[in-house]
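Take a look at the structure below.
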Amino acid sequence: MERKQLADLLSAVRAGDCSVDDALARLRELPYEDLGFARIDHHRSLRNGFAEAIFGEGKTTEQVIAIAERMVAAGTNVLVTRLAPDVAEQLRAALPGVEYHPLPRLAVHRTRAVEPEGRGTVLVVSAGTADMPVAEEAALTAELMGNRVERLYDAGVAGIHRLLDRRGRLWEAAVLIVVAGMEGALPSVVGGLVERPVIAVPTSVGYGTHLGGLAALLGMLNTCAAGVVVVNIDNGFGAAAAATRINRGGG
């Protein structure tokens, strides 16, 4: 249940448009719903400001569908990350309205409209085209969480003029998510150009000594640009969640 839904329900009870028994029936699945294999945290939006996401990897098709259906029944928007294409097709067949984005392997069901809020725009910047799957996970997640999102892709340090030509967009953003693989240098460059929060996302893009993203992660953790924070390798979702809290004034 979202905050606005709960506020509307309480207002209806106060106005006499909804009985106490009806309100209790709608609230009976709070704080969580036990499906046996999963306990859905319907209360999370009230605590954190956005609903629980479904991590698609490691779950069976039936589990993904069951969780998504119960979330929709509760009036919650659904976000499924790391979802394989074949599972996505079955989810779309079972739950009309599901949108699947194959590049980031992400599925969305918009049960309710999301109005953009926050202090400004979240700008997602990627170093190279190969970083786009993680960048799009961050961008789409941030949009569903109620942010105004812009994208600036393929602006890595090997052709730094591509970034500097768009530095006005960097300065205008309220929060920046910077996604990079290889040596992970782009967040340091961006962090040295702006006064806004920069969230760095290392990706598992690179050659052998890149070590599956570890080189980029260590490079970002050792940045000399003050104020850059780092999330885990390929974690576009986590970066979007952090950017949302900052953009809402919670950072």
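Just add 34 to the spot in the sequence shown (first one is 1) and you have the numbering used here. Ideal Cβ placement from N, Cα and C applies to all residues, glycine included.
A234 carries a strand assignment under DSSP once its states are collapsed to helix, strand and coil. V114 places its beta carbon less than 9 angstroms from that of G90.
Out of V158, M166, I99 and C258, the CA that lies nearest to the CA of A141 is found in I99. When R144, R139, L197 and V47 are compared, the shortest CA-CA separation from A85 is found for R144.
When Cβ pairs closer than 8 angstroms are counted between the two stretches, the segment 179-187 is seen not to touch the segment 232-248, the count staying below three.
Three or more beta-carbon pairs separated by less than 8 angstroms are not found between the segment 198-208 and the segment 169-180, which leaves the two stretches without contact.
Counted as a single uninterrupted DSSP element, the beta strand (DSSP E) harbouring L140 occupies residues L140 to H143. According to the DSSP assignment, T95 belongs to the alpha helix (DSSP H) that extends over T95 to A107.
Less than 9 angstroms divides the Cβ of V232 from the Cβ of V224. The DSSP-derived three-state label of L137 is coil. F89 is bridged by DSSP to T115. Distance between A260 and L44, taken at the CA atoms: about 45 angstroms. R185 is bridged by DSSP to V158.
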